[in-house]
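Just so you know, the protein sequences line up as chains A and B, in that order.
Quick note on numbering: this note's numbering labels position 63 of the first sequence as 63, and the sequence is numbered without any gaps.
Quick note on numbering: this note's numbering labels position 132 of the second sequence as 1132, and the sequence is numbered without any gaps.
All residues carry an ideal CB built from backbone N, CA and C; glycine is no exception.
The structure appears below as C-alpha cells.
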Amino acid sequence: MLLISCPNCGSRDETEFHYGGQAHVPYPENPNDLNDREWAEYLFYRANTKGTFAERWVHSTGCRQWFNMLRDTVTYDIQAVYPMGTPRPASAAPAPESGTASLAPDSTTTGTAGPSVSATSSASTTAPKGATK
Amino acid sequence: MANTAALTGINGLRDIRRSPASHLAGAMEAGSIEGTVTLSEGPFQTMAGVRVDPRSEEGARIASVAGGLPARCGEVAGTDRVTVLWLGPQEFLVVAPEEAHDSLGGDLIGSLTAALGDAPGQVVDLSANRTTFELSGPRARAVLEKGCSLDLHPRSFTPGTALNTEVGNIPVVLLKTGDDSFRLFPRASFADYLGRWLLDAMREFASPEVP
Chain A
1 MLLISCPNCG
11 SRDETEFHYG
21 GQAHVPYPEN
31 PNDLNDREWA
41 EYLFYRANTK
51 GTFAERWVHS
61 TGCRQWFNML
71 RDTVTYDIQA
81 VYPMGTPRPA
91 SAAPAPESGT
101 ASLAPDSTTT
111 GTAGPSVSAT
121 SSASTTAPKG
131 ATK
Chain B
1001 MANTAALTGI
1011 NGLRDIRRSP
1021 ASHLAGAMEA
1031 GSIEGTVTLS
1041 EGPFQTMAGV
1051 RVDPRSEEGA
1061 RIASVAGGLP
1071 ARCGEVAGTD
1081 RVTVLWLGPQ
1091 EFLVVAPEEA
1101 HDSLGGDLIG
1111 SLTAALGDAP
1121 GQVVDLSANR
1131 TTFELSGPRA
1141 RAVLEKGCSL
1151 DLHPRSFTPG
1161 TALNTEVGNI
1171 PVVLLKTGDD
1181 SFRLFPRASF
1191 ADYLGRWLLD
1201 AMREFASPEV
1211 P
C-alpha cells in the first residue's frame, strides 16, 4: 500500500486514488497532419520506464483533483507531487528514507495547509487488525 | 403498492417515501449498545452541491448565503442550521434541515442559485443523493477504525472537521460532530452496504470485554 500525498488532502491510502498513466503526453498540435502510425503512437504508445517515471493520478474518493507525481517504478519511492500543467521537476535528489510517501517540501503549490491528518504518515500503522486494507 | 389516494401534494409524497436505509431501522436499533456505540439513520436533509471558485465574487455571494465556504480539506463552515462541507477546492456540499428545502417553504436552493446568478459554477439539489448515519458512543472510533485508514485520534481529528475518505471501502464524507459522535454521508446506493458493515463492526462490543 502506497501512502500518496494529495496536494489538497494530505497523505492518503493508495486505494483512494486512481492512476492516469504517463504524464506530459501532449495532444498533437495538428492531429489531421498525422499519419496513422503517428496517431497510433500518440494514442497507444507509452514509455515503460524502469526508474523515475512521471505519471498522473486522481484522488477519486477525496477531492477528485488530478495531479502529477514522480515515482520510481522499481522502488515505488515517490519523489515529487506537482500540479497539472507544470513541467516535470528535476529528479536528481534521491528521496529520504522516511517512508514510501516522501514528498519534497516545495513540490506542491496548494498543499501547504493540508488537514491535520497529513502530518501523520502513521495513519495506516495505527489501523486495527480488522482494517480491510 | 403505494396508496395513490395519499399522493396529494408534496406532503402526500413525504408520507410514502422511504429513506435509503429505512429497512435497517430495526436492525440498527437492535444492534446499538447504549453507552457503548449506537447507530441510527439520520433524518432526511436538504443538500445542495455547489461548485464555485471561493475566491471569486460569486464565491463571496454564495459564502454569505451559506454562512461561509471552507477553505481547505477538513474544514467545515456554515451557521448553526447550515453546514458546508469541503469536497474539493471548488466543490462544496451544503447540508441543512429538511425544512430548508424550497418545496417545504424554505429557500436554501433558491437563494444559493440566486447568489450564483449567471456566474460560472453550479448549484444542484442533491437532497436525495446521500443519506446520513449517526454513529456515536465511546467505541464509535473503534468501529470506524476497522475500515478507515485515517488517523481518527482526537488529537488530529477534532470535532467540527469533516474528511472525504473511505469507510469499509466505500467513499463517504465523515463528519465529526462531537467528541464521541460521527456523522457519515454515504451515497444512497451504498446505504444498505454501509449500514450492514457498521452493524457487523459493532457486534463485538455487545459481548462482555475479554480481559
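Should residue i be flagged as near chain B, meaning a C-beta pair shorter than 8 Å?
| i | result |
| --- | --- |
| residue 65 of chain A | yes |
| residue 15 of chain A | yes |
| residue 110 of chain A | At residue 110 of chain A, the pLDDT of 42 sits below 50, so the modelled position is not reliable and the matter cannot be decided from this model. |
| residue 98 of chain A | Note that residue 98 of chain A has pLDDT 44, beneath the 50 cutoff, so the model's placement of it is unreliable and the number below is only indicative. Judged by the 8 Å Cβ criterion, residue 98 of chain A is not in contact with chain B. |
| residue 103 of chain A | At residue 103 of chain A, the pLDDT of 43 sits below 50, so the modelled position is not reliable and the matter cannot be decided from this model. |
| residue 4 of chain A | no |
| residue 107 of chain A | Any reading at residue 107 of chain A must be qualified, since the residue scores a pLDDT of 40, below 50, and its modelled position is unreliable; no value is offered. |
Please report the straight-line C-alpha distance between residue i and residue j, rounded to a whole angstrom.
| i | j | result |
| --- | --- | --- |
| residue 74 of chain A | residue 1027 of chain B | 48 Å |
| residue 1078 of chain B | residue 1024 of chain B | 31 Å |
| residue 63 of chain A | residue 8 of chain A | 7 Å |
| residue 1184 of chain B | residue 36 of chain A | 51 Å |
| residue 1165 of chain B | residue 1158 of chain B | 16 Å |
| residue 1066 of chain B | residue 1172 of chain B | 22 Å |
| residue 15 of chain A | residue 53 of chain A | 20 Å |
| residue 1068 of chain B | residue 1154 of chain B | 25 Å |
| residue 1137 of chain B | residue 1143 of chain B | 10 Å |
| residue 1074 of chain B | residue 1034 of chain B | 29 Å |
| residue 1063 of chain B | residue 1110 of chain B | 14 Å |
| residue 1208 of chain B | residue 1124 of chain B | 47 Å |
| residue 46 of chain A | residue 71 of chain A | 16 Å |
| residue 1121 of chain B | residue 1049 of chain B | 10 Å |
| residue 1160 of chain B | residue 79 of chain A | 33 Å |
| residue 19 of chain A | residue 68 of chain A | 10 Å |
| residue 43 of chain A | residue 31 of chain A | 11 Å |
| residue 1152 of chain B | residue 13 of chain A | 14 Å |
| residue 3 of chain A | residue 33 of chain A | 42 Å |
| residue 48 of chain A | residue 21 of chain A | 11 Å |
| residue 1083 of chain B | residue 1097 of chain B | 10 Å |
| residue 51 of chain A | residue 85 of chain A | 22 Å |
| residue 1095 of chain B | residue 41 of chain A | 48 Å |
| residue 1092 of chain B | residue 89 of chain A | 31 Å |
| residue 1206 of chain B | residue 1199 of chain B | 11 Å |
| residue 1029 of chain B | residue 1088 of chain B | 34 Å |
| residue 23 of chain A | residue 1054 of chain B | 28 Å |
| residue 202 of chain A | residue 1141 of chain B | What the structure shows of chain A is the stretch from 1 to 133, and residue 202 of chain A is not part of that stretch, so it cannot be assessed. |
Compare the C-beta of residue i against all C-beta atoms of chain A and say whether one is closer than 8 Å.
| i | result |
| --- | --- |
| residue 1166 of chain B | yes |
Please list the partners that residue i has in chain B, where partner means a Cβ-to-Cβ separation under 8 Å.
| i | result |
| --- | --- |
| residue 8 of chain A | 1072, 1073, 1088 and 1089 |
What in chain A is Cβ-close to residue i, meaning under 9 Å?
| i | result |
| --- | --- |
| residue 1171 of chain B | 16, 60, 61 and 62 |
Helix, strand or coil, according to DSSP, for residue i in the structure here?
| i | result |
| --- | --- |
| residue 68 of chain A | strand |
| residue 1049 of chain B | strand |
| residue 1058 of chain B | helix |
| residue 1068 of chain B | coil |
| residue 1097 of chain B | strand |
| residue 1107 of chain B | coil |
| residue 1034 of chain B | coil |
| residue 7 of chain A | coil |
| residue 1171 of chain B | strand |
| residue 999 of chain B | Residue 999 of chain B lies beyond the range of chain B shown here (1001 to 1211); nothing can be said about it. |
| residue 136 of chain A | Outside the shown range of chain A (1 to 133) lies residue 136 of chain A, about which nothing can therefore be said. |
| residue 1077 of chain B | strand |
| residue 60 of chain A | coil |
| residue 1136 of chain B | strand |
### Query
Any residues in the segment 1127–1151 of chain B with a beta carbon nearer than 9 Å to a beta carbon of chain A? Which ones, in chain order?
1142, 1145, 1146, 1147, 1148, 1149, 1150 and 1151
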